[in-house]
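Be aware that the sequence shown starts at 0, since it is given in numbering that gives the first Met the number 0, and climbs by one per residue.
Just so you know, even glycine gets a beta-carbon here, dropped at the ideal spot from N, CA and C.
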Amino acid sequence: MTIDSHQHFWAYDAERYSWINESMKAIQRDFLPSDLLPILKKNGIDGCIAVQADQSEAETEFLLELAAKNDFIKGVVGWVDLQKSNVRERLEHFSSNKLFKGVRHIVQDEPDEYFMLRPDFQRGIAQLSAFDLAYDILVYQQQLPSAIALVHNFPAQTFVLDHMAKPRISKGLDPGWKLNIKELAKCPNVYCKLSGLVTETKGFNWEKGDFVPFLDTVLEAFGADRVLFGSDWPVCLLAASYGDVKGILDRYMEQRSWVKKDLIFGKNAISAYQLAI
0 MTIDSHQHFW AYDAERYSWI NESMKAIQRD FLPSDLLPIL KKNGIDGCIA VQADQSEAET
60 EFLLELAAKN DFIKGVVGWV DLQKSNVRER LEHFSSNKLF KGVRHIVQDE PDEYFMLRPD
120 FQRGIAQLSA FDLAYDILVY QQQLPSAIAL VHNFPAQTFV LDHMAKPRIS KGLDPGWKLN
180 IKELAKCPNV YCKLSGLVTE TKGFNWEKGD FVPFLDTVLE AFGADRVLFG SDWPVCLLAA
240 SYGDVKGILD RYMEQRSWVK KDLIFGKNAI SAYQLAI
């Protein structure tokens, strides 16, 4: 089974999704399962994982409702306030739904570079394994040292790095990013999503070859058994079509026979999120 490990749904609201600014008019509208399903079919993708884009339990409930009504949505990575004293109760509530597979916090927007190392946040992270939940790490590349420290503190917790920590593609390979990716990959409990690349380009302009050194770095560091395909639809539409995004990886892997597509396009997502397939 082929799985898109990272995409979003929303009923667009300018206040709730304020991060969708004026430069992103193309995605200032609703994006729902009926929009995505024909695109998945056209691109040979069997299922997907819906990931939070708003830090509210209301959106988590919304995504779980969509998943219940659309069997191609195989799991949800939602949001729960990991810093609250009642976090275990909220995790228990959402985990009663078998489609709830993970939690994400939009750490990239936190002004505190060491947000993930706060005691209250880490107390929340410590609760996840009891419910077999993954934690998606959403950070910019300068926040990778904190991510590395967090992961070292929880060796039994499954982590998934989103968007390869958003390297600045148009500026070329950054030695600091490369070093930190290699360090993070030493932790066997961490996966990495090959996602969000086209929108980490200047002016959303890119050439196919721009991504190769970044993909090489991640594949060499994590190996083919800990990386996942993610489209980041509909955010990817700012810079490329769904087919273009998938095509970047298709062409890349065609030239590297050692990379097993069935792992990256399905089996690794099933493993990382414990999907019931």
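Run of the alpha helix (DSSP H) containing F224, from where it starts to where it stops: The amino acid occupying residue 224 in the given sequence is Asp; Phe does not appear at that position. Run containing D224: none; DSSP gives neither H nor E here.
Selected residue, minimal CA-CA separation from F210, among A223, G246 and K185: G246
Pair within 8 Å by beta-carbon distance, L193 and I263: yes
Start-to-end residues for the alpha helix (DSSP H) that takes in Y251: Y241 to E253
Range covered by the beta strand (DSSP E) that runs through D3: I2 to Q6
Backbone CA spacing between T301 and V75 [nearest angstrom]: Lying outside 0 to 276, the shown extent of the chain, residue 301 is not represented and no answer is given.
Endpoints, the alpha helix (DSSP H) within which D119 is located: P118 to L127
Extent of the continuous alpha helix (DSSP H) to which I180 belongs: P174 to A184
Anticipated Cβ contact below 8 Å, V244 with M252, distance rounded: At roughly 14 Å, the Cβ-Cβ gap does not stay under 8 Å, so V244 and M252 are not in contact.
Inter-stretch contact (C-beta, 8 Å, three-pair minimum) for the stretch 17 to 28 and the stretch 62 to 75: no
Cross-strand partners of R103 (DSSP beta bridge): D135
Residue closest to Y282, alpha-carbon to alpha-carbon, out of Q51, Q254 and M0: As displayed, the chain neither begins before 0 nor continues past 276, which places residue 282 out of reach and without an answer.
Any beta strand (DSSP E) of 3 or more consecutive residues that is wholly inside the stretch 42 to 66: 46 to 50
Start-to-end residues for the alpha helix (DSSP H) that takes in V79: Segment: none, V79 is in no alpha helix (DSSP H) and carries neither H nor E.
Proximity to S195 [Cα-Cα], best of N42, I105 and K165: It is worth fixing the name first, because residue 195 is Gly in this sequence and not Ser. Closest option to G195, Cα to Cα, is K165.
At least three beta-carbon pairs within less than 8 Å, the stretch 128 to 144 to the stretch 103 to 113: yes
Reference A238; option with closest CA among D12, L127, N204 and Q254: N204
Option in T198, K40, R87 and G171 with minimal Cα separation from D119: R87
Selection from C186, Q126, D80 and P212 that minimises the alpha carbon distance to T59: D80
Contacting residues, own chain, Cβ-Cβ under 6 Å from K41 (five flanking each side not counted): none
Spatially closest choice to L218 from S256, V197, K201 and N152, by CA coordinates: S256
Three-state secondary structure (DSSP) of K165: coil
Environment of H5 [buried if 16+ CB atoms lie within 10 Å]: buried
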